[in-house]
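Encoded as structure tokens, the structure appears first; notes follow it.
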Amino acid sequence: MPLLKSWVESANSPQSPFPLNNLPYGIFSVGSDVPRCGVAIGDKVLDVSKLEASGVISPAEKTVFDKPCWNAFMDEGAKVWNGFRSTLQDMLGVNAGRDVQAALSEALVPMASAQLHMPFVVSEYTDFYSGRNHALNVGTMFRGAENALPPNWLHIPIGYNGRASSIVVSGTDIRRPWGQLKPHGVDVPVFEPCKRFDMELEIGAIVGTRSDRPVSVQEADDMIFGYVLLNDWSARDIQAWEYQPLGPFQAKATATTISPWIVTKAALEPFRADTPEREFPLLPYLKEPGPMLYDIELEVLLQVDGGNEASTIATTNYSEMYYSAAQQLAHHTSSGCPMRVGDLLGSGTISGPEKSSRGSLLELSWGGKEPFALESGEMRSFIEDNDIVTLCGHCRGDGFVIGFGDCTSKLLPALDDPYQR
Ligand code: MN
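Spelled out as structure tokens, the structure:
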């Protein structure tokens, strides 16, 4: 598919993350305005709440864009999603009439002046463990190469229920947590600031359709509204002590950062990719009717305190996953677990087979045993205080890219005493 040309000139640059082919959904405000729904186009944000209020667009019977989240729009269903997207593509396309261009120009805000907020209300949050290279690396470190993958791994997408309350939007600072941990060679646990704070490169899938029964993989794919970049901050020393037998808990509860723009499934359609060859055939309820991953190039950048340049510490691709978000969602509903509009599913850490494609510092530094050098020459095993971590992602089309918008957070030092208010 070629670049779709827009009368918004900046959207036609082959480097623009937000061409007419993309049209991702976010929540923005300017100055002290109320946060409302906006669509990214080139270097502008289209204020769709303004267009809805003036009657230029009306995708649903009731207003949906005057809210500080996209949940009401998602709740309208896939027919409305598709209708609105094609309306936008017509109205922002080069062939739009002069009156249409004039009406929309009134609602274009420079992105540089917009503050971005959480794009949707997270109903519930589940994080998976579906990257094979990541599971192999972590398993090898903790259990040896022979027992790296747990016996269930090649049969089910393993996950745990996380905390919706912990999700924050890009730009939000994170505070190094305190927690209960047990240092090596010590008999009793201590309560201390985390010393092995880590990040995980993931993609988050947003559920846009409710369901209260088990769904097929195809139905699950149809339920997904869009995708964001997701950094699952992880306190490895807290995790090591707490994770058996029920999985991670406080180690994953400090924060999870997501990128501010929801890239719709419709925009990703031309970039579908197959999951890899199966070592064991999957049970029928997990079989995919077609390609349900996406060719999304991913990068992790780390900028040290006071540094001018960020170093690339990993590059990989979402198509490395063993299970797609549709398979994860189908599995999630298999028990009858109800799914709601705004549920968020983390993919699991995305690592490729190369050393340079590992999506966490735990893997990059091999459990802290092999510190690695940043481009500045500084060494890292885990995240240091005031480090800024950025995830980037894009799909490469013919003369255009589908960008995700950066997912950035800074790690602030631990408080002297977290119980002191
Ligand atoms: Mn994770």
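215 is the number that the numbering used here gives to position 221 of the sequence shown; each next residue is one higher, with no gaps. Glycine residues also receive a C-beta, built at the ideal position from the N, C-alpha and C atoms.
Boundaries of the beta strand (DSSP E) in which residue i is found, first to last residue
i, result
"residue 384", "382 to 390"
"residue 196", "195 to 201"
"residue 274", "Taken as a continuous stretch (DSSP letters only), residue 274 belongs to no beta strand (DSSP E), as it is neither H nor E."
"residue 130", "No beta strand (DSSP E) holds residue 130; the alpha helix (DSSP H) holding it covers 126 to 137."
"residue 404", "401 to 406"
"residue 185", "184 to 187"
"residue 397", "395 to 397"
"residue 59", "Unbroken run through residue 59: none, as it is neither H nor E."
"residue 23", "19 to 23"
"residue 311", "305 to 311"
"residue 153", "153 to 155"
"residue 340", "338 to 340"
"residue 173", "172 to 175"
"residue 252", "250 to 252"
"residue 119", "119 to 122"
Under 8 Å between C-beta atoms of residue i and residue j
i, j, result
"residue 287", "residue 310", "no"
"residue 21", "residue 112", "yes"
"residue 87", "residue 210", "no"
"residue 35", "residue 12", "yes"
"residue 290", "residue 389", "yes"
"residue -3", "residue 394", "yes"
"residue 336", "residue 116", "yes"
"residue 466", "residue 375", "The chain is shown from -5 up to 415; residue 466 falls before or after that span and cannot be answered."
"residue 168", "residue 75", "no"
"residue 165", "residue 188", "no"
"residue 353", "residue 308", "yes"
"residue 387", "residue 223", "yes"
"residue 102", "residue 143", "no"
"residue 123", "residue 157", "no"
"residue 108", "residue 24", "yes"
"residue 218", "residue 319", "yes"
"residue 338", "residue 202", "no"
"residue 346", "residue 369", "no"
"residue 216", "residue 72", "yes"
"residue 239", "residue 154", "no"
Helix, strand or coil at residue i according to DSSP, with G and I counted as helix
i, result
"residue 9", "coil"
"residue 455", "This structure gives no information on residue 455, because the portion of the chain shown stretches from -5 to 415."
"residue 257", "strand"
"residue 264", "helix"
"residue 223", "strand"
"residue 162", "strand"
"residue 44", "helix"
"residue 101", "coil"
"residue 453", "Lying before the first or after the last residue shown, residue 453 is absent from the chain, which here runs from -5 to 415."
"residue 94", "helix"
"residue 83", "helix"
"residue 146", "coil"
"residue 294", "strand"
"residue 349", "helix"
"residue 38", "strand"
"residue 288", "strand"
"residue -5", "coil"
"residue 76", "helix"
"residue 245", "helix"
Residue i CB to nearest heavy atom of the ligand MN below 7 Å
i, result
"residue 263", "no"
"residue 293", "no"
Boundaries of the alpha helix (DSSP H) in which residue i is found, first to last residue
i, result
"residue 213", "211 to 217"
"residue 30", "From DSSP, residue 30 is part of no alpha helix (DSSP H) but of the beta strand (DSSP E) over 30 to 35."
"residue 231", "230 to 236"
"residue 327", "319 to 327"
"residue 1", "Taken as a continuous stretch (DSSP letters only), residue 1 belongs to no alpha helix (DSSP H), as it is neither H nor E."
"residue 357", "355 to 358"
Neighbour flag for residue i against chain C, beta carbons, 8 Å
i, result
"residue 314", "Checking the listed chains, one finds no chain C in this structure; it contains a single protein chain."
So which residues put a beta carbon under 6 Å from any heavy atom of the ligand MN, going in chain order? Going along the chain, the residues that qualify are 121, 194, 196, 226, 340, 342, 343.
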